[in-house]
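**Q** Residue 94 in the working numbering sits at position 86 of the sequence shown, and the numbers go up by one each step.
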Amino acid sequence: MKLNKNKNIIKLLNKKNLPILKVFRSLTNIYSQVIDDKGKVLVSSNSLKLKNVSKNDQAVYVGNDIAEKCLNKKIKQVVFDRGSFRYIGRIKTLADSARSKGLKI
């Protein structure tokens with residue numbers, strides 16, 4: 009059985025049991041969700057309802073939206089899990105926009 013290397017690394021590094029901000033990027037949309045240490049989804053956001061918007065603007069919208077929802081639920085700090093995606097482009101834009109709204113990553 010093949011283990012998901014990145015998932016295990018995130019669990020090992022998350023010593024404070026902080027919620028995890030997981031990001032998935034498809035060809036046309038971007039999705040993010042905040043999950044607690046037990047696997048329960050606390051907050052989620054995606055770009056499905058945005059039409060005729062550039063991909064970077066979608067990432068900014070999702071980053072701002074997820075940060076506002078987290079702060080409303082009193083979640084101030086998360087661990088960023090980018091999955092197998094490199095930290096460039098839309099992934100970086102989403103993280104930067106969430107940071108600019110006050111979420112600690």
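Where is the CB? At the ideal position from N, CA and C, for every residue including glycine.
#1: Can you list, in chain order, the residues of its chain whose CB lies under 6 angstroms from that of arginine 94, leaving out five sequence neighbours each side?
#2: With three or more beta-carbon pairs closer than 8 angstroms as the criterion, would you say the region 31-39 touches the region 47-66?
#3: Bridge partners for tyrosine 39 per DSSP, in chain order?
#4: Name the one or two DSSP bridge partners that aspartate 89 has.
#5: If I measure Cβ to Cβ from methionine 9 and keep anything under 7 angstroms in the same chain, skipping five residues before and after, which residues do I get?
#6: When we look at the beta-carbon of isoleucine 96 and count the other beta-carbons within 10 Å, is it buried (16 or more) or exposed?
#7: Whole angstroms is fine: what's the gap from cysteine 78's alpha carbon to tyrosine 39's?
#8: Rank Glu76, Lys24, Asp104 by C-alpha distance to the C-alpha of aspartate 65 and give the top, closest one.
**A** In short, the structure shows the following:
#1: Counting from 1 along the sequence shown, the entry for residue 94 is found at position 86. Excluding residues within five positions, none has a Cβ falling inside 6 angstroms.
#2: yes
#3: Reading the sequence shown from its first residue, position 31 is the one you call residue 39. Tyrosine 39 is bridged to Phe32, Asn54.
#4: Position 81 of the sequence shown holds residue 89. Its beta-bridge partners are Lys30.
#5: As a working mapping, residue 9 is identified with position 1 in the sequence shown. Caution is warranted here: a pLDDT of 41 is assigned to methionine 9, below 50, making its placement in the model unreliable, and the coordinate value is therefore given only provisionally. Taken in chain order, the list of residues that qualify is empty.
#6: For this step, residue 96 is matched to residue 88 along the sequence shown. Per the 10 Å Cβ criterion, exposed.
#7: In the sequence shown, counting from the first residue as 1, residue 78 sits at position 70. In the sequence shown, counting from the first residue as 1, residue 39 sits at position 31. Cα to Cα, cysteine 78 sits roughly 15 angstroms from tyrosine 39.
#8: Start at 1 with the first residue of the sequence shown, and residue 65 comes out as number 57. Selected option, being the one with the closest Cα: Asp104.
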